[in-house]
Amino acid sequence: MAVEGSETGGNGFEPKILMFACNWCSYAGADLAGVSRLQMPANCRVIRVMCSARVRPEFVITALSKGLDGVVVLGCHPGDCHYSEGNYFTRRRGLFLKKLLEYVGIEPERFQVRWVSASEGAKFADTVAEVTRQVKALGPNRPRRNAQ
Amino acid sequence: MPKTRVGVFVCHCGNNIGGVVRVPEVVEDARHLPNVVCVEDNLYTCSEEGLSSIKEQIAEQNLSRVVVASCTPRTHEPLFKEACEEAGLNRYLFEFVNIREHCSWVHRHDPARATEKAKELVRMGVAKARYLEPQEEFESEVFPAALVVGGGVAGMTAALSLANQGIQVYVVEREEKLGGLVRELRTLFPTEQDTGELLSPLMEQVRGHPQITVYLGSEVENVEGFIGDFQVTVGSDGQNSELQVGTVIVATGAQELRPSGMYGYSTLPNVVTQLEFEESFKSGADLPPNVVMINCVGARVPERTYCGRFCCSTAIKNAIWLKEQDPDAKVSVLHRDVMAYGVDIEDSYRGAMELGVRFLRYDIQNPPQVLGAKRAEAVKVQHQLMGKEVILPADLVVLTTPLVPREDSERLSKMLKVPLGTEGFFLEAHLKLRPIEFSTDGIYVCGSARYPSSIPESVSQAYAAAAKAGIPIRDGSVRVEAITVFCDERTCSACGNCVEVCPFGAVELEEGKFGRIASVSVAQCKGCGCCVAACPSGAMQQRGFDDRQLLSMIGALAEGMVSGGGR
Chain A
1 MAVEGSETGG NGFEPKILMF ACNWCSYAGA DLAGVSRLQM PANCRVIRVM CSARVRPEFV
61 ITALSKGLDG VVVLGCHPGD CHYSEGNYFT RRRGLFLKKL LEYVGIEPER FQVRWVSASE
121 GAKFADTVAE VTRQVKALGP NRPRRNAQ
Chain G
1001 MPKTRVGVFV CHCGNNIGGV VRVPEVVEDA RHLPNVVCVE DNLYTCSEEG LSSIKEQIAE
1061 QNLSRVVVAS CTPRTHEPLF KEACEEAGLN RYLFEFVNIR EHCSWVHRHD PARATEKAKE
1121 LVRMGVAKAR YLEPQEEFES EVFPAALVVG GGVAGMTAAL SLANQGIQVY VVEREEKLGG
1181 LVRELRTLFP TEQDTGELLS PLMEQVRGHP QITVYLGSEV ENVEGFIGDF QVTVGSDGQN
1241 SELQVGTVIV ATGAQELRPS GMYGYSTLPN VVTQLEFEES FKSGADLPPN VVMINCVGAR
1301 VPERTYCGRF CCSTAIKNAI WLKEQDPDAK VSVLHRDVMA YGVDIEDSYR GAMELGVRFL
1361 RYDIQNPPQV LGAKRAEAVK VQHQLMGKEV ILPADLVVLT TPLVPREDSE RLSKMLKVPL
1421 GTEGFFLEAH LKLRPIEFST DGIYVCGSAR YPSSIPESVS QAYAAAAKAG IPIRDGSVRV
1481 EAITVFCDER TCSACGNCVE VCPFGAVELE EGKFGRIASV SVAQCKGCGC CVAACPSGAM
1541 QQRGFDDRQL LSMIGALAEG MVSGGGR
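Taken in order, these protein sequences are the chains called A and G. The opening residue of the first sequence carries number 1 in the working numbering; numbering runs sequentially from there. The opening residue of the second sequence carries number 1001 in the working numbering; numbering runs sequentially from there.
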């Protein structure tokens, strides 16, 4: 059952956010956050991919059109990609995708690309907290959910 | 085609998961998922019992997919995959769900939402598992050479151990000399041997070994590649050398903390660290009659919570030495606790007391004070047993500080894509299950780069790291995970996007059965999936990460998101 106030973006609204994390940097960063017991909001769900560049734009659009409130793609820092240049594709693709989302009427802020290295457990935790706050402020991705 | 039969195993991990996530609820939720025929919870799924239970269920329930919800695939995946394989199930029909690092450990104060999240993660895992397919692994060659970064005791020991196995080793040392931190010590503890007795033969053997090439005054500038085939750039004064190696050992050591601003350090000339003390008396400086040592300087404090482990023994060593040189010298050691672990150190601690070294305990809430304006003249400390302040005259104040990570650790960690822990030391894959190894294959760590390690510890770690780093080289090949890409000939339009984006030149356009198509060289494909995302027709797919698998995970997460649906 929906929590009271969740449909209005009030205090009870807890967004559901999908995160793609690359195996080498960001997934390891998320593990490090866990090992370090860094506490964070329970809104994000991680899907592991080998490289952030594996994330087909279709995944982002599908997730948002199915009503998920936000999608984040996490990769190694530019210049640090395990596959040399995968995250450059991610970066470029991300910019285009934001424009496309705007064009089709989805708040582009619901989709973000961030860099978290294997040694940045704290940055992973901060990113989860920050993205959760931002998506919470946007409110529920309601039109998409209603359209289902 | 027979129906897919999924088995789900949810781990309590003792209290690690079960103490936060309500495992029975997760189990109950998983029972109702499509194709799931058996759900179990285990106290430890990775235990012998847990693993045999997986194997039994594969046989009894005729499982065609196995999902384990426990910790991170980065440490335990091979274990569970092997269990599947032993039970006759292809190892690629296994899916891992992380409900510890990504859930119970990071949502400790919110059991309700952690439980909900764990349920969803399991749903996503099961959704993907239904679409998994069996795969064959590919073997890749290992270049028969190893790189050792750091030429201290750990690095030299590891290099010799590898070279004695007949493996070509490159040692890269930043300083102009081999020997590392130990070179700066006066004597070794507890044997009171001259450091040269340890270092000289080691250095000689390393320099003279036909299988070892040493790069002095050099640093690792860049590392590319994977286990079996790392390309390393070593730089010295703008001159670069390119090396090819199969495995890498990190032995960069640590450095003594210089506690600027504490207890008059860097303002009063006669306040020094233990290392500076040893260096000055190596050259035979006059011995001061009154010496006060302060332990735990900059250690076990909020900004550096760890114990330096052998700082206490360093203080004991130097206190004994002072008393032996001059029995009338007054030597006091101010400590918070004396960590004289093991057999030898406790003996020395007692020996020091018998020689008349005074050990006084201080309280961190009321730390000692160094008195004196231009020079340290005395140390004032609250005597815990007498319950009153005492003033100890001091001609020399020696601060016992812990080892701290080298400043350039972060740079190296980024190059090698291996993690540093919260204190800045290199972090191995698992403290107990995979010490010495990083979670990235083919890279190992030993000595104080890992955390402050004594010489005997550094030496044993170096042997361990060398043994590990030698395995793939002696095997000559490693099995490469079957996460490579393939092209569906029927849907490929030969646009060539995949050829353009592939960072490894693994894709080419070729004449196929149905005309021109993309063709993938499995040996060159590293499984990033760049080309899959760039393919406009969905012809390119990645094994273990194909579109159906990933979209089914998104679908499983989004289920119930429609208006009025539960959340």
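Backbone N, C-alpha and C fix where the C-beta goes; we use that ideal spot for every residue, glycine too.
Along chain G, which residues have their Cβ under 8 Å away from the Cβ of residue i?
{"i": "Gln39 of chain A", "result": "Val1106, His1107, Arg1108, His1109"}
{"i": "Lys123 of chain A", "result": "Per Cβ cutoff of 8 Å: no residues; Lys123 of chain A is ~12 Å from chain G at best."}
Do the CB positions of residue i and residue j come within less than 8 Å of each other?
{"i": "Ile1471 of chain G", "j": "Leu1399 of chain G", "result": "no"}
{"i": "Phe1359 of chain G", "j": "Val1338 of chain G", "result": "yes"}
{"i": "Cys1525 of chain G", "j": "Cys51 of chain A", "result": "no"}
{"i": "Lys1055 of chain G", "j": "Ala1083 of chain G", "result": "yes"}
{"i": "Val1297 of chain G", "j": "Met1262 of chain G", "result": "yes"}
{"i": "Val1172 of chain G", "j": "Ser1218 of chain G", "result": "yes"}
{"i": "Ala1449 of chain G", "j": "Phe1426 of chain G", "result": "yes"}
{"i": "Tyr1451 of chain G", "j": "Lys1468 of chain G", "result": "no"}
{"i": "Val1397 of chain G", "j": "Val1381 of chain G", "result": "no"}
{"i": "Asn1090 of chain G", "j": "Gln1135 of chain G", "result": "yes"}
{"i": "Val1106 of chain G", "j": "Met19 of chain A", "result": "no"}
{"i": "Ser1064 of chain G", "j": "Leu1033 of chain G", "result": "no"}
{"i": "Leu1403 of chain G", "j": "Gln1255 of chain G", "result": "yes"}
{"i": "Pro1078 of chain G", "j": "Asn1098 of chain G", "result": "no"}
State the DSSP-derived secondary structure class of residue i, mapped to helix, strand or coil.
{"i": "Trp1321 of chain G", "result": "helix"}
{"i": "Phe13 of chain A", "result": "coil"}
{"i": "Glu120 of chain A", "result": "coil"}
{"i": "Ser1140 of chain G", "result": "strand"}
{"i": "Gln134 of chain A", "result": "helix"}
{"i": "Lys1526 of chain G", "result": "coil"}
{"i": "Gly5 of chain A", "result": "No answer about Gly5 of chain A holds up, because its pLDDT of 37 lies below 50 and its placement is not dependable."}
{"i": "Asn1290 of chain G", "result": "strand"}
{"i": "Lys1380 of chain G", "result": "strand"}
{"i": "Asn141 of chain A", "result": "coil"}
{"i": "Leu1550 of chain G", "result": "helix"}
{"i": "Asn87 of chain A", "result": "helix"}
{"i": "Arg93 of chain A", "result": "helix"}
{"i": "Cys1531 of chain G", "result": "helix"}
{"i": "Gly1505 of chain G", "result": "coil"}
{"i": "His1076 of chain G", "result": "helix"}
{"i": "Gly1566 of chain G", "result": "Any reading at Gly1566 of chain G needs caution, since the residue's pLDDT is 35, under 50, leaving its predicted position unreliable; the model's value is listed next. Gly1566 of chain G: coil per DSSP, three-state reduction."}
{"i": "Gly1019 of chain G", "result": "coil"}
{"i": "Val128 of chain A", "result": "helix"}
{"i": "Arg1183 of chain G", "result": "helix"}
Below 9 Å on C-beta distance, what does residue i contact in chain A?
{"i": "Cys1487 of chain G", "result": "Result: empty, since nearest Cβ-Cβ is about 16 Å, beyond 9 Å."}
{"i": "Asp1547 of chain G", "result": "Arg56, Glu58, Phe59"}
Which residues in chain A have a C-beta closer than 8 Å to the C-beta of residue i? List them in chain order.
{"i": "Gln1542 of chain G", "result": "Met50, Arg54"}
{"i": "Glu1410 of chain G", "result": "Ser119"}
{"i": "Lys1081 of chain G", "result": "Those do not exist, as Lys1081 of chain G stays about 15 Å from chain A at its closest Cβ, beyond 8 Å."}
Would you mind giving the Cβ-Cβ distance between residue i and residue j, rounded to the nearest angstrom? I have them listed as a contact below 8 Å.
{"i": "Gly1152 of chain G", "j": "Gly1308 of chain G", "result": "Between Gly1308 of chain G and Gly1152 of chain G the Cβ distance is about 17 Å, and since that is not below 8 Å, they are no contact."}
{"i": "Gly1246 of chain G", "j": "Ala1146 of chain G", "result": "7 Å"}
{"i": "Ile1227 of chain G", "j": "Val1478 of chain G", "result": "6 Å"}
{"i": "Arg48 of chain A", "j": "Tyr27 of chain A", "result": "5 Å"}
Can you check DSSP and say which residues form a bridge with residue i?
{"i": "Asp1363 of chain G", "result": "G:Asn1366"}
{"i": "Tyr1170 of chain G", "result": "G:Leu1147, G:Thr1213"}
{"i": "Asn1098 of chain G", "result": "G:Ser1070"}
{"i": "Tyr1444 of chain G", "result": "G:Ile1249, G:Glu1437"}
{"i": "Ile1483 of chain G", "result": "Partner(s): none; Ile1483 of chain G has no beta bridge."}
{"i": "Trp214 of chain A", "result": "The question about residue 214 of chain A has no answer here: the residues shown for chain A are numbered 1 through 148."}
{"i": "Val49 of chain A", "result": "A:Cys22"}
{"i": "Met1540 of chain G", "result": "G:Cys1487"}
{"i": "Pro1393 of chain G", "result": "G:Ala1378"}
{"i": "Lys1388 of chain G", "result": "G:His1383"}
Given that residue i touches chain G, what residues does it touch there, using C-beta distances under 7 Å?
{"i": "Thr127 of chain A", "result": "Within 7 Å Cβ-Cβ: nothing; Thr127 of chain A doesn't reach chain G, min ~12 Å."}
{"i": "Gly34 of chain A", "result": "Arg1100, Glu1101, His1102, Trp1105, Val1106"}
{"i": "Thr132 of chain A", "result": "Per Cβ cutoff of 7 Å: no residues; Thr132 of chain A is ~12 Å from chain G at best."}
Hey, is residue i close to the ligand ATP, as in C-beta under 7 Å from one of its heavy atoms?
{"i": "Gln1211 of chain G", "result": "The ligand ATP is not part of the structure shown, which contains no ligands of any sort."}
What does residue i reach in chain A if we use C-beta pairs closer than 7 Å?
{"i": "Arg1065 of chain G", "result": "Result: empty, since nearest Cβ-Cβ is about 17 Å, beyond 7 Å."}
{"i": "Pro1503 of chain G", "result": "Tyr83, Ser84, Glu85, Gly86"}
{"i": "Glu1437 of chain G", "result": "By Cβ distance, chain A contributes nothing, its closest Cβ being about 14 Å from Glu1437 of chain G, past 7 Å."}
{"i": "Gly1529 of chain G", "result": "Val49, Met50, Cys51, Ala53, Arg54"}
So with CB distances below 9 Å, who are the chain G contacts of residue i?
{"i": "Val46 of chain A", "result": "Asn1098, His1102, Leu1121"}
{"i": "Trp24 of chain A", "result": "Lys1417, Thr1440"}
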